[in-house]
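Position 183 (the sequence shown) corresponds to 183 in this note's numbering; numbering is contiguous.
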Amino acid sequence: MKPNESLGHEPSCRSLLIVGAGVMGQGIARLFAAAGIDVTLMDCQDVKISHPGVKFVRETPAAAPDLVIEAVFEDAAVKKSVYAEMERVYGGRPVVATNTSGLPLNDLGAGLKYPERFLAMHFFMPAEVFPMIEVVRANRTEDSAIALAISAVKQAGREPIVLERAINGYLINRLQHSILHEAYHLLEEGIATPEMIDNVAKRLLGPRMCVTGLLEQKDIAGLEIHAKAQRSIVPSLSHTGVPSPYLQNMVARGDLGVRTGKGFYDWTGRDAAEVQRQANERLRRLIAFLEDGGER
Numbered sequence: 001m002k003p004n005e006s007l008g009h010e011p012s013c014r015s016l017l018i019v020g021a022g023v024m025g026q027g028i029a030r031l032f033a034a035a036g037i038d039v040t041l042m043d044c045q046d047v048k049i050s051h052p053g054v055k056f057v058r059e060t061p062a063a064a065p066d067l068v069i070e071a072v073f074e075d076a077a078v079k080k081s082v083y084a085e086m087e088r089v090y091g092g093r094p095v096v097a098t099n100t101s102g103l104p105l106n107d108l109g110a111g112l113k114y115p116e117r118f119l120a121m122h123f124f125m126p127a128e129v130f131p132m133i134e135v136v137r138a139n140r141t142e143d144s145a146i147a148l149a150i151s152a153v154k155q156a157g158r159e160p161i162v163l164e165r166a167i168n169g170y171l172i173n174r175l176q177h178s179i180l181h182e183a184y185h186l187l188e189e190g191i192a193t194p195e196m197i198d199n200v201a202k203r204l205l206g207p208r209m210c211v212t213g214l215l216e217q218k219d220i221a222g223l224e225i226h227a228k229a230q231r232s233i234v235p236s237l238s239h240t241g242v243p244s245p246y247l248q249n250m251v252a253r254g255d256l257g258v259r260t261g262k263g264f265y266d267w268t269g270r271d272a273a274e275v276q277r278q279a280n281e282r283l284r285r286l287i288a289f290l291e292d293g294g295e296r
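As structure tokens, this is what we get:
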């Protein structure tokens, strides 16, 4: 879908306030500004963002936007303080969306004066690159709020993934964390190395998923074959109901990835911003290729 493609009877999002001007917030701002939506980016600290159509402020604007997207860091108390401020200034006029997928949506919405205007819009980083955005209904979200969020996604030329019931992690992160949890288990058991896991993800799983996804591929291969393999493999998978000790111990040691020089790999001497920029550019080219029909 192209930005601002005709949306028929759907409501139009004309103005957007993004709270939180970190990497994600800035990416969301660029995405919607490029679609011609009036975008204001708010943060308590000064941020330099040079993109036409994005206005930066440090205090809540007086005029109510059609949509507020909260993109502050993952702290429930901080997020709830944002919602309280939005309700204090705007009442129930705007739809208020959180970008989180790691915190329970219904817990975040508890205590709101206007819970019918609250939902989730989960973007993937970098926000201006990925072609899909999750729109998730909280337990009291009204249909008109969902409709506006869907409309905003389509105005930006993106495809909405609509979940009618909130579940922790939503769709994409539940699938992603299922794979990662098993990957960490394989590392902890000494069965595989980070290089081995990433190599098969990039060269085997990734290409096949790009072409036939997860379930379509099983239809093609034959479900009886997959069902038999499930009976053998699933009982041996990691079924612990706790976060991986392997990962938690890395974080406790301060091994946080590129920006600290060490994570699963040694990043000594590498510039974190440049590593991210290069990865984003490769991702941008791949998605453009796939969206243009390059998989056929």
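Think of the CB as a built atom: it goes at the ideal place given N, C-alpha and C, for glycine as much as any other residue. Given the structure is predicted, the values throughout are model-derived calculations rather than measurements.
Note to self: So, at 8 Å on beta carbons, what are the nonlocal neighbours of A127 in its own chain, with the 5 sequence-adjacent residues on each side left out?
What the structure shows: M24, G27, I28, R30 and L31
Item checked: Nearest-angstrom beta carbon gap, A76 and V54 [assumed within contact, 8 Å] -> No, V54 and A76 are not in contact; Cβ-Cβ is about 27 Å, not under 8 Å.
Item checked: First through last residue of the beta strand (DSSP E) which encompasses E59 -> First-last for E59: undefined, no H or E at that position.
Check: Exposed or buried, which one is Y265 when buried takes at least 16 other CB atoms within 10 Å?
Finding: exposed
Margin query: Helix, strand or coil, according to DSSP, for G195 in the structure here?
Written below: One detail in the question is off: residue 195 reads as Glu in this sequence, not Gly. Helix at E195.
Check: In this structure, does DSSP put L67 in helix, strand or coil?
Finding: strand
Next item on the list: For the beta strand (DSSP E) containing L16, list its first residue and its last residue.
Entry: S15 to V19
Check: Residues in its own chain within less than 7 Å of C13 by CB, not counting five upstream and five downstream?
Finding: I37, D66, L67, L148, S151, A152 and Q155
Next item on the list: Let me know the secondary structure DSSP gives G109 once reduced to three states.
Entry: helix
Item checked: Endpoints, the alpha helix (DSSP H) within which I37 is located -> No alpha helix (DSSP H) holds I37; DSSP gives it neither H nor E.
Check: Just the Cα atoms here: how many angstroms apart are V57 and D43?
Finding: 7 Å
Notebook entry, point to check: For F118, does the three-state DSSP call read helix, strand or coil?
Noted result: strand
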